[in-house]
Structures are given as structure tokens and as C-alpha cells.
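What follows is a short report on a single structure.
In this note's numbering, the protein residues as written are 18 to 213.
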């Protein structure tokens, strides 16, 4: 957990970010000058997105209201934050664009699922995340990695390793030694006793 001082500082920062978002201080204001409006959007939009990111991160750290955490992450997805925050994104090759997009979007998509109000909401959030063009093609809401390759299967690498074969062959000896140590230390509950 956070120290009391860090908790207070984070709550104060969160309140400031939420006030800026609530008052519209980060939105472009109408102006008679078209260049001024363009400049305000150019500066204001990234600030708005970074502010939304910080709100989501702060809510997640404080863990005070799970549906509000999920809502903050959902706003990030709805605003298209990653497409705009990735520098020179459109100049990257398409495959790299997808990799960067997935790595950026996955934490917010995962946040909408992890902090949903209940199982039904989590399933709904999972379905919504999968419809988002930048989300990794997750197959289950129980495992949500940032980079994901569908159809990749895990395979044990140790099966033919000489050390693994030797350990398997020595299993009766290892089991006997383990039982002897357990008996000497007081049985299966030995870890709850003090040792001299």
C-alpha cells in the first residue's frame, strides 16, 4: 500500500485532474482566430489524454471505487488515446503500428475488464474490448497480456532436459528425504512452529 503522505498527495492530484476535466479547462475554446483554435487543439488534446491517463492510473492505485476505475479506462479507449499519443504513429509500418497500439491499448482494455462491477459487467467489457480495433485478440478474460498471439500453444521445454530426467529418476529418494525432514521438523504444520 501507499504511505499516508503518498496517499494524500495522490488524492490531491486526482482531485486536480478531475477538476480540470470537469470544468473543461483542457478543451479548446472558440476564438476568432483559426490558428489560435488549431493551436489550442494541438496543445489541449494531448494534455486532455494525458490527464485521462493519470486519472485512470490514480484511481487504480487508490482502489477506492472499482466501477470508477473501469469507467476511467473506458474513457481512454473511447477517446482514442493511443492513436494520438503515439509519436509518428502513422509513419510506422502497419505491423509495428499494430504492436505499438496493442501495447498502449491493452492496459486500458484490461482495466475495463478487471475493475468491472461484477462478472456480467466484466463479460460485457471483455466483448467491448475485443471490438476495439487496437485490442490484442484475447481469447479469455482470465488472461489479458499486452502482446498476444492467438493459437500459440505452451509446450514444456524441460521434457528432454538431462536434469529433468535425473530428477524424475531420483523421485523415490527425494520423496523419502522430504518425508524425513518433515517428520523431524514436526510434520506438515512445521512452518507454523518456531525453530530453535
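Positions of the beta carbon are idealized from the N, C-alpha and C atoms, including for glycine. Keep in mind it's a predicted model, so treat the numbers as computed, not measured.
- Of 169, 99, 88, the smallest CA-CA separation from residue 134 is found for 88.
- In this structure, residue 66 keeps its C-beta atom at 9 Å or more from the C-beta atom of residue 83.
- For the options 174, 152, 22, the alpha carbon positioned closest to that of residue 79 is the one of 22.
- Spatial neighbours of residue 141 in its own chain (CB-CB distance under 8 Å, excluding positions within 5 residues in sequence) are listed in chain order as 133.
- Separation of residue 136 and residue 162 (C-alpha to C-alpha, rounded to the nearest whole angstrom) is 19 Å.
- Rounded to the nearest whole angstrom, the C-alpha separation of residue 71 and residue 173 is 40 Å.
- Taking the CA atoms as reference points, residue 189 sits about 16 Å from residue 180.
- With contacts defined as CB atoms closer than 9 Å, residue 33 and residue 90 fail to qualify as a contacting pair.
- Cβ neighbours of residue 146 within its own chain (closer than 7 Å, five residues either side excluded): 126, 129, 130, 152.
- Secondary structure remark: continuous alpha helix (DSSP H) runs of at least 4 residues inside the segment 137-203, in chain order: 179-186, 188-202.
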